[in-house]
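Asker:
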């Protein structure tokens, strides 16, 4: 599979070649062919302007064409076959089995959004018919529906090279809402990005859509900022670290015309194990928790990074069970050397706090206390270095008092690590929860309805998180109408939206109201006839009927 | 009606007294009794913390109580009777007839939101039931609904002392969404604000709600910023000028935890009169337009501030008709001396541009060219001064070429003024529209379906505005499900939301997803039984049925 290494603007590889870079195979540490070239300012400008110019055409495209476009992207991705998976594997070290399921998820979510577009009711059509005789004033005919915002910049994630990248949930929901997309290739998987971008371009050709509705741009943070700053950019979707997400939010807010950014910036995903659950199901929870912490080498936004449980013999047993669950755990290669380095640094900071100790699991020496100095990456076998790219999972232990005191313990370490916090009494659960920032998820393990006695904990969590789980593990994120993947800041930049599930397209849509329009000039969704039997709110009542 | 002049925190007047100020009667220019006192930092802190502490209680209050609370606020406002209207009139110079209709609208919108709360379906409940046997992975039970964001700061408008102020649409929609409110009294109508705030406090007592869910704070821009900056503030609603709105957006975006601000910042509300409409209905349009421009002394967010029409004999006739329509137009007292001053300054800047001339209407001398110097307010009879508080309406004329060239001509002059732009050909309509910023509204006057030949104009406007009207005038803003009052920046800070109509409460709500919850622990809206027959999306299908 031949890669050209160029940005793709409106279906065509660009000819200008900025600074070159290569993807790194994280397993070997060696660069991969070919060279990729950062986009120029002119490329960025042409990509966004092309999106803006073709926005009107995409808006006026029949829904059926847009639905087929999304389905065709899925088909084109599937047609790339194992060549695509091999390239992703080379760029990310994610195993083929995982990539197969990620591909299935990516294609399923493209088809799910095709279904939403075909159904059509997502536009939330609302019609208030004229009341010409109303006193003291007549009411005009008012008809409102959601329409796309305009060009959407998609800044994908490193950890889902398909499902949250060039043709991932952000792109699928933007296209579904009728918005053109300019995606920036993540520098950790530029080859994957090129293959998927060509699949999107081929899909546009196949259904007869103008190629201008999609571009792929190569580059780093400066290019990302240029895309966000461009006057014709209407909205931004980002998945990644807090630092990068916050920087983009700040750029968007400082524009002459600020634009919405949905940044999903992850978090700690706290887990609370209530006493009865700990007593009854400690071993099972330990096993499930360890699997959740280490899934994909801990590189999930929803990885449980902190676990609260009550001090005592059951906690001692749980720690022993966790140690047992972990005893055969292998290390793993992280997505990029930089991510591994950041992980080890973040974990190190946590481990250096007072009253924090590392559980002796997996025959891992306490690597955090040795082998690293002066900010350099550890070169010994327990850390990460040129000779040994594997990062081993670890679990640490601290007290509720220390957790409440230390800001460092509330920071995410993105990787296979979790911190157990021993609380002294059941009342401490709510207190600790109160010290958490906004989160994507929170999980409570309970048994025999003991949660009924922890209403305070539940109420605190309801204010802090986007998704609450009982007796589950947060790392599975279903793509469905009821999913919420987001949460109060800093989990996401705007708690009112989600990046997973069918509601994700609401990030990229705005209402427009047509007053006094003749039927002929109204969009189809607002016409009297309602030929597609959309569910609409007519004079305050939901109905699929036409208007007489 | 005795006023105490104090901020009201959680139902109680505060004892601390900051800097004192008095409302000004804009008709006489004289201060009104009593003195009002700016809130201290401590008052701001206590008001927001009280809102935050009582948020959980408000969330758990049955919808029926919240609905009765909104209705009781309306009843309490009505019970204030004409005393309230007299105070508003003294503070704003708005005539009693207008205030009667504004009161009716304010109470109607409180009752409308009560209906929304009682109906309950606004929470957009979505349920994906568990699929334990699904391959390759089971699906957990997922249930999602909207909940209130938390304490909302309401910064009301000067121009709607009831409908967009302390108990206006922002407050009604925040309470409807389950959010406590801290309102800042607009310094132009502090007495009105106190009366309405006491009505809200009395309503809370009447229905047994804790007084902590509402506070009224006196103060200027620094106090507004302190309210927006407070860590426990969850969202902000603002209606007013671009400068003030943008400043608040910047403060909110710079917080350690940014929060959503909905700022409605007005605009030009362009009107396009197509040739056939101009020929057939020029006189009627002139009359309606002039009434719309001068309604409430031009102090509406939706005042048509710019009008495009094609040069030629019909335009000459229209200008004569407009002059005729205006011949008996009286001047009016603006809401505050400062607003009048800003208006005259903004208008002056427009009139000083090249190729801009003033129509000789209403026997008004070209006041813009004389009587003002060095930024001082004109003291002559045509301007605004100590002896003569009236501002007279005026209309100016320019060319499309000048409009396209001059940023100044794209700025709002908030008051009884509109600018006619003569275009050379029908193609210029779309070109001019392209040079407009985001707008709350745009209006097209057409006849004999001539609009069908102006698809380009319609497409440009659809990208630029929140509400499009055909053959109407934008100054009436219906409060109904289909209304959209907002638009692309700078009309509003976020085009995805509205401040008028039932959808306004979506500004203050966020989704939360409950995964694997036992029925007993779910909120009522998500329980299997669905006792209130809410319209919910169950496994992707809208239904009012319960779940077996």
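Chains as they are written, first to last, in the numbering used here: chain A, 3 to 550; chain B, 3 to 550. Using N, Cα and C, we set each Cβ at its ideal position, and we do this for glycine too. All values derive from a computational prediction rather than experimental measurement.
Where DSSP assigns a beta bridge to residue 218/B, which residues make up the other side?
Answerer: In DSSP, residue 218/B forms a bridge with 10/B, 185/B.
Asker: Spell out the partners DSSP gives residue 539/B in its beta bridges.
Answerer: BP columns for residue 539/B point to 128/B, 544/B.
Asker: How many Å lie between residue 244/B and residue 311/A at the Cα?
Answerer: If I take the Cα positions, the gap works out to 51 Å.
Asker: Of the choices 277/A, 491/A, 400/A, 514/A, whose alpha-carbon is the least far from that of residue 260/B?
Answerer: Comparing Cα-Cα distances from residue 260/B to each of 277/A, 491/A, 400/A, 514/A, the minimum goes to 491/A.
Asker: In the region 161-206 of chain B, which residue ranges form an unbroken alpha helix (DSSP H) of at least 4 residues, counting only runs that do not cross its ends?
Answerer: As far as the region 161-206 of chain B is concerned, its whole alpha helix (DSSP H) runs of at least 4 residues are 171-178.
Asker: CB-CB under 8 Å to residue 497/B, same chain, minus the five flanking residues each way: which ones, in chain order?
Answerer: Excluding positions up to five away in sequence, the list reads 440, 468, 488, 489, 490, 491.
Asker: Is it the case that the CB of residue 41/B approaches a heavy atom of the ligand NAP more closely than 7 Å?
Answerer: Absence of the ligand NAP is noted for the structure shown, with no ligands found whatsoever.
Asker: Does the region 495-513 of chain A come close enough to the region 460-467 of chain B to have 3 or more Cβ pairs within less than 8 Å?
Answerer: No, the region 495-513 of chain A does not touch the region 460-467 of chain B.
Asker: So residue 110/B and residue 481/B are supposed to be a Cβ contact under 8 Å. How far apart are they, rounded?
Answerer: Right, the Cβ-Cβ distance comes to about 7 Å (below 8 Å), so this counts as a contact.
Asker: Whose C-beta lies closer than 8 Å to the C-beta of residue 34/B among residues of the same chain, with five residues either side of it excluded?
Answerer: 24, 25, 26, 27, 92, 93, 193.
Asker: What distance in whole Å lies between the Cβ atoms of residue 236/B and residue 151/B, which are believed to be in contact at a cut-off of 8 Å?
Answerer: That pair is a contact at about 4 Å.
Asker: For a quick check, are the C-beta atoms of residue 43/A and residue 228/A less than 8 Å apart?
Answerer: Yes; because the gap between Cβ atoms is below 8 Å, this pair is in contact.
Asker: Note down, one range per segment and in chain order, each beta strand (DSSP E) of at least 3 residues found wholly within the region 82-166 of chain A.
Answerer: The region 82-166 of chain A contains these whole beta strand (DSSP E) runs: 128-130, 144-150, 154-157.
Asker: Within 10 angstroms of its Cβ, does residue 560/B collect 16 or more other Cβ (buried), or is it exposed?
Answerer: With chain B covering 3 to 550 only, the question about residue 560/B has no answer from this structure.
Asker: Is the CB of residue 471/A under 8 Å away from at least one CB in chain B?
Answerer: Yes, residue 471/A lies at the interface with chain B (some Cβ there is under 8 Å from its Cβ).
Asker: Is the CB of residue 495/A under 8 Å away from at least one CB in chain B?
Answerer: True, the Cβ-Cβ gap to chain B drops below 8 Å.
Asker: Pull the bridge partners of residue 401/B from the DSSP assignment, please.
Answerer: Beta-bridge pairing links residue 401/B to 424/B.
Asker: Do the region 425-435 of chain A and the region 300-315 of chain A meet, that is, are 3 or more Cβ pairs less than 8 Å apart?
Answerer: Yes, the region 425-435 of chain A touches the region 300-315 of chain A.
Asker: Count the other CB atoms within 10 Å of the CB of residue 3/B; is the residue buried (16 or more) or exposed (fewer)?
Answerer: Residue 3/B comes out exposed.
Asker: With a threshold of 7 Å on Cβ separation, who are the neighbours of residue 71/A within its own chain once the five nearest residues in sequence on each side are excluded?
Answerer: 177, 205, 206, 209, 211, listed in sequence order.
Asker: Whole-angstrom Cβ separation of residue 142/A and residue 474/B, contact assumed at under 8 Å?
Answerer: That pair is a contact at about 6 Å.
Asker: Whose C-beta lies closer than 6 Å to the C-beta of residue 357/B among residues of the same chain, with five residues either side of it excluded?
Answerer: Excluding residues within five positions, the ones whose Cβ falls inside 6 Å are 400, 401, 404.
Asker: Tell me the DSSP secondary structure of residue 384/A in three-state form.
Answerer: In this prediction, residue 384/A has a pLDDT of 38, which is less than 50 and means its spatial position is unreliable; nothing more can be read from the coordinates.
Asker: What is the C-beta distance between residue 452/B and residue 277/B, in whole angstroms, given that I count them as a contact (C-beta under 8 Å)?
Answerer: Contact flag correct, Cβ pair sits at about 7 Å.
Asker: Is the Cβ of residue 480/B closer than 8 Å to any Cβ of chain A?
Answerer: So, interface residue.
Asker: Take the Cβ of residue 279/A as the centre, count every other Cβ of all protein chains shown within 10 Å, and call the residue buried at 16 or more, exposed below.
Answerer: By the 10 Å Cβ count, residue 279/A comes out buried.
Asker: At least one CB of chain B closer than 8 Å to the CB of residue 500/A: is that the case?
Answerer: Judged by the 8 Å Cβ criterion, residue 500/A is in contact with chain B.
Asker: Apply the 10 Å Cβ neighbour rule to residue 59/B and answer buried if 16 or more other Cβ atoms are within range, or exposed otherwise.
Answerer: Counting Cβ neighbours within 10 Å, residue 59/B comes out exposed, since fewer than 16 surround it.
Asker: Going straight from the alpha carbon of residue 146/B to that of residue 172/A, what length do you get?
Answerer: Computed Cα separation, rounded: 20 Å.
Asker: Given a cut-off of 8 Å on the beta-carbon distance, is the pair residue 53/B and residue 9/B in contact?
Answerer: Their beta carbons are not under 8 Å apart, which means residue 53/B does not touch residue 9/B by this criterion.
Asker: Which first and last residues belong to the beta strand (DSSP E) in which residue 459/B is found?
Answerer: Segment 457-466 is the alpha helix (DSSP H) holding residue 459/B; no beta strand (DSSP E) there.
Asker: Exposed or buried, what is residue 139/A when buried is set at 16 or more other beta-carbons lying within 10 Å of its beta-carbon?
Answerer: With fewer than 16 other Cβ atoms within 10 Å, it is exposed.
Asker: Taking 8 Å as the CB-CB cut-off, is residue 539/B touching chain A?
Answerer: Residue 539/B counts as touching chain A.
Asker: Quick check on residue 515/B - is its C-beta less than 8 Å from some C-beta in chain A?
Answerer: It does; some Cβ of chain A falls within 8 Å.
Asker: Between the C-alpha atoms of residue 251/B and residue 121/A, what's the straight-line distance to the nearest angstrom?
Answerer: Rounded to whole angstroms, residue 251/B to residue 121/A spans 36 Å at the Cα level.
Asker: Tell me, which residues are paired with residue 515/A by DSSP?
Answerer: Note: residue 515/A sits in a beta bridge opposite 146/A, 469/B.
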